[in-house]
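Protein chains in written order, with the working numbering: chain A, 73 to 264; chain B, 73 to 264; chain C, 264 to 643; chain D, 264 to 643; chain E, 78 to 150; chain F, 78 to 150; chain G, 8 to 282; chain H, 8 to 282. Heads up: the structure comes next, in C-alpha cells.
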Amino acid sequence: MQKQLRLAGTGGQGQVLAGIILADAAVAYDAKYATQSQSYGPESRGGASRAEVVISDEPVDYPKVIEADLLLCMSQEAYDKYGADTADDGIILIDSTLVQVNPNSDSRIVARPITRVAREELGRAIVANVVALGVIIELTKAVSPEAARKAVSARVPPGTEEANLQALERGRRLARENPDSAQSECGASGVT
Amino acid sequence: MQKQLRLAGTGGQGQVLAGIILADAAVAYDAKYATQSQSYGPESRGGASRAEVVISDEPVDYPKVIEADLLLCMSQEAYDKYGADTADDGIILIDSTLVQVNPNSDSRIVARPITRVAREELGRAIVANVVALGVIIELTKAVSPEAARKAVSARVPPGTEEANLQALERGRRLARENPDSAQSECGASGVT
Amino acid sequence: MSESGRRLMQGNEAVVEASLVAGCRFFAGYPITPSTEIAELLASRLPQVGGRFIQMEDEIASMGAAIGASLAGTKAMTATSGPGFSLKQENLGFAALTEVPVVVVDVQRMGPSTGMPTAPSQGDIMQARWGTHGDHPIVALCPASVGETYAATIRAFNISEALRVPVVLLLDEVIGHMREGVAMADAQNVEIIDRKGPSVSPSEFLPYADDGTMVPEMAAFGEGYRHHVTGLFHDETGFPDMSAAVAKSLMQRIMGKLDAHRHVYEWTEARDTEEAEVLLVTFGSPAQAARSAINRAQREGMKVGEFRLITLWPFPEKALREAATGARAVIVPEMNLGQLRLEVERVMGCATPVYGINRTDGDIFKPDEIYQGIVEVYSG
Amino acid sequence: MSESGRRLMQGNEAVVEASLVAGCRFFAGYPITPSTEIAELLASRLPQVGGRFIQMEDEIASMGAAIGASLAGTKAMTATSGPGFSLKQENLGFAALTEVPVVVVDVQRMGPSTGMPTAPSQGDIMQARWGTHGDHPIVALCPASVGETYAATIRAFNISEALRVPVVLLLDEVIGHMREGVAMADAQNVEIIDRKGPSVSPSEFLPYADDGTMVPEMAAFGEGYRHHVTGLFHDETGFPDMSAAVAKSLMQRIMGKLDAHRHVYEWTEARDTEEAEVLLVTFGSPAQAARSAINRAQREGMKVGEFRLITLWPFPEKALREAATGARAVIVPEMNLGQLRLEVERVMGCATPVYGINRTDGDIFKPDEIYQGIVEVYSG
Amino acid sequence: MSSSEVRAEDPVVVDRHLCKACGICIAFCPKSVLGADGDGIAIVERPDECIRCRMCEFRCPDFAIVVRSEEDE
Amino acid sequence: MSSSEVRAEDPVVVDRHLCKACGICIAFCPKSVLGADGDGIAIVERPDECIRCRMCEFRCPDFAIVVRSEEDE
Amino acid sequence: MNTHLRKYFRQEHLPHIWCPGCGNGIVTAAILRALDRLGWEKDRTVFVSGIGCSSRAPGYLDFNTLHTTHGRALVFATGVKVAHPNLNVVVITGDGDASAIGGNHLIHAARRNIDITTICFNNSIYGMTGGQYSPLSPTDSVASTAPFGNTDRSFDLCRLVEAAGASYVARGTTYHVTPLTKLIERGFEKRGFSFVEAITACPVYFGRRNKMRTPVEMLEWQKDAAVPITRAQKMDPEELAGKFVIGTFVDIDMPEYTESYERLLREHASDRGGG
Amino acid sequence: MNTHLRKYFRQEHLPHIWCPGCGNGIVTAAILRALDRLGWEKDRTVFVSGIGCSSRAPGYLDFNTLHTTHGRALVFATGVKVAHPNLNVVVITGDGDASAIGGNHLIHAARRNIDITTICFNNSIYGMTGGQYSPLSPTDSVASTAPFGNTDRSFDLCRLVEAAGASYVARGTTYHVTPLTKLIERGFEKRGFSFVEAITACPVYFGRRNKMRTPVEMLEWQKDAAVPITRAQKMDPEELAGKFVIGTFVDIDMPEYTESYERLLREHASDRGGG
Ligand SMILES: Cc1ncc(C[n+]2csc(CCOP(=O)(O)OP(=O)(O)O)c2C)c(N)n1
Ligand SMILES: Cc1ncc(C[n+]2csc(CCOP(=O)(O)OP(=O)(O)O)c2C)c(N)n1
Ligand code: SF4
Ligand code: SF4
Ligand code: SF4
Ligand code: SF4
Ligand code: SF4
Ligand code: SF4
Ligand SMILES: [Mg+2]
Ligand SMILES: [Mg+2]
C-alpha cells in the first residue's frame, strides 16, 4: 500500500507541521516507510506553502507526490494549482472556511469547515492544521489513529499537546459529519 | 644570430634594469627581437636576483635562457649557481669587486672590478649595473652602442641620464682594459 | 522518541545527528538557504554534547574557524549553499594544502548567483572539484537519500580524518529539506576514524613527513608538538620552501595519498549492471526518480542497470568503466547542464555514447521524465 | 618612445596598454603577486586618459566595483592571481547571470593556497570555468606571449561587450612578467566593440529581452532607462521570477548565446596539423617551449603538428576534433596536473590517446623536456 | 454601505488590496479613528475625529493608507 | 684584533652574522658607543661609554645585539 | 499610498513580499518622502542593495535599481559612483547584510567618505533566512541559532561607522517615523558617506521569539527603548542599559572621495593617454 | 640576541627575510619580551598570522604557529581559541592584512571580545607586494598604486577597534620600544580582545617613496610624530595634524566570548547528547 498526500495552503497555516506529523506517525509509530517534503516561496518569504507525504509499506522509491491520493486545500490557489494532479479516485479535501468551490463540480471533493471549527469550536484557528489531519487520517487511513496521536504529542509545541489531541479527534469526527454548505463559509480572498 | 644573456646577483643591484635596457635597445632601437625575464625570491622579498635576455634577429621562440652566451655574476651565489649553465664558448663575466673566483680556473671567465669602478671612479656604486652593461655590449655585441645609449637614456630615472651614459662608456672601456687581480677585490660575503 | 527504531528526520538534520556520532565537536557557520537548519540544529545540539557552535560574520570566516578548530584537535564542520560555497573556496584550498581534516557541507540550490534560493540543483558538482585555485586534493560525496546522508556524513568525517583531506558533502535542497525515517547509528557500533597522532617525541616530530602511508601524523596545537603550518609550499618540517624539488614532492604526496587510499573514500553502488544494455549513472536526489524509472523499465523487460556514485571526487573511473562494460549507452540524469556527464564522457571514451537528462529550472525530475529518456535511448 | 614601432613591455603592461585601447576606463583592484603591475600601471595610466582607478579593500570588493562601474556604462576590468581569483568567484557568477560585461585578469601563480607566489602555473584553468557555483556562461582566453596578451586583452573586452559575458584573461607569471617587443595597435585601426544600447524608448525597454541575437540590449544607469538588475532568476523585465518556465528560458538564453556566437570568441591556431601524426595541444606560456620543441622534431623529420588554444572556454571542441583528425596521439603540455587534458581526452574519445606533459613545481618547461615527450610518444 | 468601500468624504483612505492587517495604524492613531474588520483590515471608524496627523500613513508598512490633505478635498 | 671579533669585556655584543647594517643602533645610542665598519655592520667603538640602557638591543630589527647585564660578567 | 509618492513605485510589483507588520515598508516610504522633498530625479538616482528581506526594497522602486550579492551592495555602489559621480547613489541594506558579511565594505566606504547614503534596516535579525541572530541582535535575545540566548555582544553600528570616518551618522526608528525621514533627508543632502540606521521590526522572527508577539508591540518597544541623543547625554550607562540612542551622531564636512579623485584627474589627465 | 629570548626563536631559520632596517624585527622582539615577562609557555601559546612581510614573523618563533590566508588570521585564531579556550592565542598581522582584506574579522573579533591579542604591524604600506598604499597610508603619501599621492583617507584603526568593542586598545612605535613592550604585555594579560597597533618602518617601500630614505629617518619620524595620549588630550586638532597618538586608549573589563560560551555549555550540556 502506498498513499500520496499533498497538503497545500498559505504560509503560516501549518501544513508542513501536519505533514511532518503524518510522516512521523507512519515512520516512528506505525513502522511504515514515509517521506515528507515541502516547497517554499522565494527565499522562504510569504506566498504559497505545500507539504507532501508519501507513506508506504515498503521503502519509498520516489519521495515526492506524483498523483495525490488526497489533496488538502487550505487556499483557493492550492485548489486551482493542484486540483488537477489528484488521482481519479483520490480525495480533494477542501477547507470550506477558506476555499470557494462547488462541491458538485467534482465528485472527488470533500468539503469541511476546518478553520471555522478550529476557530469557533476549539477557540484557536491555529489548530486548523491538526483538525485537517484528523479528517485526513479518517478519510485515508494512511496512518493509525494511535500513531497519529503519538506523533501529535511528540511534535506540537510543548504545552499544546492537549489542545491538539482534541483537534485531532474533532477532525476525525468532522470527517464523518455531513458537510455544511461550502459556499456559505468563504469570505473574500483576504490575506496575500 | 641569437644571444642569450643572464645577469645574476643580489636584489637591489639593478640586474633587472640592466636586462630591460638591453632588451629595449634591441627591440626599440636595433629593430631586433628580444625577450627579457627575471626571477624573484619568494613573494619578492630579498635574496638572489636574476635577469635574462634573449636577443635575436628573428622572433624568439623560447623566451628564457637555456645556455647563456654571457653570464654576469655580481654575487658569489650567482657564479656557483649558474656558472655551469653557460655555453662552452660563452663568457662568464665576473664583478671582481664582489666575487672571488680564480680566473684561471675556467677559460671562459672575464673578471672586471665593476662595482669598484662604479664606486670609486664614478662615485656611485649604484651605476655598477650600467657599467656592467657597457662591458657586456662590448664583449658580446648583442646590441649596438648607439641603441644601448638610447635605451639607457630612456630607461634610467630622470636626472641620472648623464651619469649612466658615462657609466656605460666607462664599462665599454673597462671591457677592453686588462683585468686587475680578481682576488684582491673581494671582501667578505656581506649582505644576506 | 521512536518505537520503530527509526526516526523521521530531514536531510539537514541527518547531517547534524551523524556529525555528532562521527565526533564533530565544532561547527562554524553562516546561515544560508537551504542549509540553514544544519546551523540551527547544531546551535542547540552541540552544547548538549559539550561541543561548540559559533556563528561567524561570513562564510570565509566560518571556513577559517573550522580549520583553526581542527588544528586545535577538534573535529570540525561548516555548512553552506552555493554563494557561501564560492566564498569558502580560498580557505578550502588552504585546508587541502595544509592537510587539515574538515567537512564542508554544500546544500546545493539553483545558481548561478543568488539564483533560486529555495530550488534544488546539482550545479556545484564541478565547483566542488575545481572551485579553489591550483591543483589540490579533495573528496566529495553526494548521498541520494536522507538515510544515506546520515551514513555519508559519518563517512565524510572518517575520510577527512583518515586522509587529512577536506571532504565536501554535497546535498541538494531536496535531500536537505526532505524527511525520511532514518535508522540511527548506534554510536558504539559505528566505525569512527580519528586522525593519527604523532608516534614520536616532539623533538623528532616532522609534521609533514611521509610515514609510508603518504598521510602525515598530525599533532594538535597545545599538545607539545610545536610546529608550523603554512599555506606556502613547505617541506616535511612544515616550513616554507620554494624549491622545485620540494614543490614536486609535496604535490605528489598530497595528490598521491588519494590515489593510494581509494578504498577509504570510493563508494559506488552497481545494480543490475552485468546484463545492462543501457546504464544509468546516477548520484544525489535524482537517483530516486531514476530508481523508480529503472524499475519500471525493467518491469517492461528492458535491460537497464544503474551505477550510482556516492563518491563523486576523486571520480571512480575504474569502477564506472567496469560497470559500463557491455552497455551500449550511458545516461546521466543531473539537475544541472551536464557537469558530471563531462567526466563520464571522458571515461567512457567513444566506446559508449553518453546521454544527459538535465534540468536547470528549479524543478525536480519526475520518474516519468527519466523513464522516457531511457525508452528513447534504449530503442534509439 | 621607440624607433622600431615596437615597444618593450611586460605581459602585465600589455594588458594595461591594450585595455586602454579597448576602451577600459575603470579598474578596481587589490594587489597580489604576480598581477600587481597591472594595478600599479593603471593607477597612473587611467587618470591620464580620464579613467578611474580605485584600490578596493579586497578582491570581492574589486569584482563588485568593476561590475557596478560597468552597469554605470563604463568598460571595466579587475586583475588578480589565484587567491584573489578564488575570492572573486561569487561576484563573477553575479556578472554571468546578470550579463554584465567585465574583464577579469588572473595572472596564475603556483597554488593551491598561497602556494608559491612568484612561481608560474596554469593551475586555475578549470577554476576559470567552474569556480563559481551553478552552471553559468563564461569565456576564458589564454595568450602565449606578450604580444598576444596585448591582442587578447582587446579581444577580451570586445567579447565581453559583444556578448555581455564576463571574460577571464588567464596569464601566468611567466607572461605577466616577461618583456617582449610589442607592436602597439593603432587605436584608429583596431576593431573595438561596444555593448549594444537600447533601440527603443525607455517605456518599451525590456532589459533582458532577446532581440533575436540572444544578447539583450544594455542600458547604463543614468541614461533614462530605469531598470532592475538582480542576481535572482528573472524574466525579461529583469524582475525576479522563480517559475520553472522562466528559469529554463533564462538558462537557455545565457548559455545559448555563447553557442550562437562562437565566432566572436573562438580563437585557435593550427600549425601543420593536416599531416601530423602527433598533435600538441598547447596554450599559454608553455606553447613557447612547445614551439621550440616542435620545430626541432620537425627538423628531425617527425610529423608533429600544433593546435594552440587562445580561447580555452567555451572549449573549441569542433576545431580540436578537426585539427586532430589523422593524428595517432595528442600531447598536452601544461603547468598543472593535467586540467585541460581532461577536456581534450573527453573530446578525443578513445580514438586518439592523449598524453600529458605536466609540471607543478614552479619551474617552467624547457623545450628539451617537451621534445623528449614528443619523441617518446612519436616512437612509442 | 460596507466598510470596505471608500467614502468620498473620508480624510483617511485605506487600500484594502494592500493592507495586511498588521494593526499598526489602528494602535497608534492618536484619535482612535481607525478600527479593524473581521480580517483585521483597517477601516475608518471615526473619520470625524481625524486630525490628519498622517501618522497612520507614515507608519503603514504596506503603503495602504493615504491621508488626504485638506486641499485635496 | 679585528673589529669583527667579540671582546669578552664588551658590554654590547653584535652578531655580525645577523646584523644587516641598518644603522639604527648606531644612530640612537645615547652615548655614541657604536659605529659601523666598511660594510655598515655595527661595531662597538666606545665600549666604556655604554650605560647598558639596552636601547640598541631593543631596537635592533635583526636580533643581532645583546647588551650584557652586569651580572653576566 | 500617498499620491505624490505613487510615481516612485513600480506599482505592478505591489503588494510587496514583506510579512504583515514588517517595518521594511515604513522605512522604504520614509526614504521616498525624503527623496521627494529634495526633488531627486528618478533617472539620476540609483538604489543598490544586498540580499535580505530589506534588500528587496529597490525592486519596488522606480529608479535605477541593483540587487546584488549578500553584503556587497556598497562595493557595487562604489563602482557605480566612481564611474559616474553625478548619480545619486543610495544603498539599502539589512543589519546582517551591512554589519555581518558586509561589515568591511561598510567601514571602508565610510573611510573613503564616498558620497553614498546607506540606509541600514536594522531589525536585529536575519529575516530572510528565518531568524538567526545578527551582529546587531542584543545579547541574550533568542534566535534560531541562539536557542539558549545570544552569547555574542552586539555592535553599536553608528559608533563603528563614525569611527570609520563617515561624514554623517544617525539613527532613527519606524516608530519615530517623522524624525527618521528628516535624518534620511539630511543624509541624502550630505556630500560624503552618510549612514542612517533605521530600527525596524521583524515581528515574525525577532518579535515572536522575544516576547513581542505583534507588530504593535514591536513599535511600542521602539518607542520605549529609544532615547534621543540630547537626553542620552545626560544619562549614565546603567540608565541606558537595554535602551538605544536615536538622533544625529555625526554631521561634518570632510573631503569626499570622488571629488578628491576628480581633482587628481584634472591635475594628471595628459595627452599621453591616446590609448 | 638576548640569551633568555633565544629559546623562543627557531634559530635555524634566522636571519629572517626582512629587509635591513625593517621594523618587523623590533616588534617581534618586543612581543617576545612581553611574553617572557608573563612566563607564557611555548606549548600553550599559538601565534596565528595572515599574509604579508609581518605575517612571516610566526615562522621564526618556536611556538604553535599558523600562517594562514591573507586577512584571515583572526578567523583561524577564533577557531583555535573557541575549540581550545585554554590556549594563549596571539595574532600577528600587517596594516593591510588587518585593516584592508581583514577589516571585517578584526571588528567582529573585537565585538565578540574573544580573548585573542592582536598585534598589528603598521608600516603604512603593503610591504610584501611591493609598496601599494594601505587603508592606513596617510592621505597624499606616495605609493606604487598612488603615484600622484594617495586620495584615500586613512583609518584610525585604534579608534575603529575601540568602537567595535575591544577590551584593550593601544598604540606604540618601534622607536618607543620600551613602552611598546609594556603595551603588548598588558594586552596579553587582558581577558578579552586586545589590540596593539605597533607603528613600524618599511624603509624600502614606504620610507624611500616618502622622503625618509633610511631606517634611521623612519625612526626619527616615529619619534617626532608620536604624541603620548596624555599630551594629545590637551592639543587641538590642528596641532595634531600629521601626528599620531600613542598610549592606551581602552583598558576595561567586559564579558569575554569563550567564557560566556563556557557558561552556556555548563548550563545546557545534557545527556541528550549521546551522539
Ligand atoms: C554569500 C551569502 N551568504 C548567505 C546568504 C543567505 N542570506 C540571505 S539574506 C541573509 C541575512 C539577511 O539578514 P539582514 O541583512 O539583516 O536582512 P533582513 O532579511 O533581516 O532584512 C542571509 C544570511 C546569501 N544569500 N549569500
Ligand atoms: C587573497 C589575497 N589577496 C592578496 C594577496 C597579496 N598580498 C600578500 S601580502 C599583501 C599585503 C601585505 O600588506 P600588510 O598586511 O600591510 O603586510 P606587510 O607586508 O606590509 O607587513 C597582499 C596584498 C594575497 N596573498 N592573498
Ligand atoms: S491621520 Fe492621524 S488622526 Fe487621522 S487617522 Fe491617521 S493617525 Fe489617526
Ligand atoms: S498599518 Fe497599513 S497594513 Fe497595517 S493595518 Fe493599517 S493599513 Fe493595514
Ligand atoms: S646599551 Fe645603550 S649605551 Fe650601550 S651601546 Fe646600547 S644603546 Fe648605547
Ligand atoms: S640595529 Fe642591528 S641590524 Fe641594525 S646596524 Fe645595529 S646591529 Fe646591525
Ligand atoms: S521575515 Fe521579518 S524582516 Fe522579513 S519580511 Fe517578514 S517580518 Fe519583515
Ligand atoms: S618590504 Fe618593507 S615591510 Fe617588507 S621586509 Fe622589507 S622593509 Fe620590511
Ligand atoms: Mg535583518
Ligand atoms: Mg604593511
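Glycine included, each C-beta is placed from N, C-alpha and C at the ideal position. All of these numbers come straight from a predicted model, not from anything done at the bench.
Quick check on DSSP: helix, strand or coil for residue 452 of chain C? coil
For chain D, find out if any of its Cβ atoms is closer than 8 Å to the Cβ of residue 530 of chain C; answer yes or no. no
Below-8 Å beta-carbon distance, residue 353 of chain D vs any chain C residue: yes
Going along chain G in order, which residues have a C-beta closer than 7 Å to the C-beta of residue 278 of chain D? The premise fails here: residue 278 of chain D is roughly 13 Å from chain G at the closest Cβ pair, so nothing lies under 7 Å.
Residue 582 of chain C versus residue 542 of chain C: straight-line alpha-carbon distance, rounded: 13 Å
Any heavy atom of ligand 10 within a distance shorter than 7 Å of the CB on residue 59 of chain H? yes
First and last residue of the uninterrupted alpha helix (DSSP H) at residue 325 of chain C: 322-334
Beta-carbon of residue 308 of chain D versus every beta-carbon of chain B: anything under 8 Å? no
Near residue 84 of chain B, which residues of its chain fall below 7 Å by C-beta distance, leaving aside the five closest residues on each side in sequence? none
Are there 16 or more other CB atoms within 10 angstroms of the CB of residue 250 of chain A, so buried, or fewer, so exposed? exposed
Alpha carbon to alpha carbon, what distance is there between residue 94 of chain G and residue 87 of chain H? 46 Å
Top-ranked residue by Cα proximity to residue 115 of chain E, from E:147, E:140, E:88, E:93: E:93
Distance, residue 229 of chain H Cα to residue 119 of chain F Cα: 22 Å
Cβ of residue 128 of chain E versus every heavy atom of ligand 3: is any distance shorter than 7 Å? yes
With distances taken Cα to Cα, identify the nearest neighbour of residue 58 of chain H among H:243, H:107, H:36, H:185. H:107
Look at the alpha carbon of residue 171 of chain G and the alpha carbon of residue 209 of chain G, and state the distance between them as a whole number of angstroms. 28 Å
Report the rounded CA-to-CA distance for residue 573 of chain D versus residue 414 of chain D, giving the unit in angstroms. 11 Å
Please confirm if residue 101 of chain E has its CB atom under 8 Å from at least one CB of chain G. yes
Give a yes or no on whether the minimum CB-CB distance between residue 125 of chain G and chain C is below 8 Å. no
Going by beta carbon distance, what residues of the same chain come within less than 6 Å of residue 139 of chain G, once the five residues before and after it are set aside? 133, 150, 151, 152
Applying the 10 Å Cβ sphere with the 16-neighbour rule, what's the burial state of residue 642 of chain C? exposed
Which residue or residues does DSSP assign as beta-bridge partners of residue 224 of chain B? Answer is none; residue 224 of chain B lacks a bridge partner.
Hey, would you say residue 200 of chain A sits closer than 8 Å to residue 98 of chain A, going by beta carbons? no
From residue 137 of chain F to residue 102 of chain F, what does the alpha carbon distance come to, in whole angstroms? 6 Å
Can you confirm whether residue 282 of chain D, when its beta carbon is compared against all beta carbons of chain H, has any partner nearer than 8 Å? no
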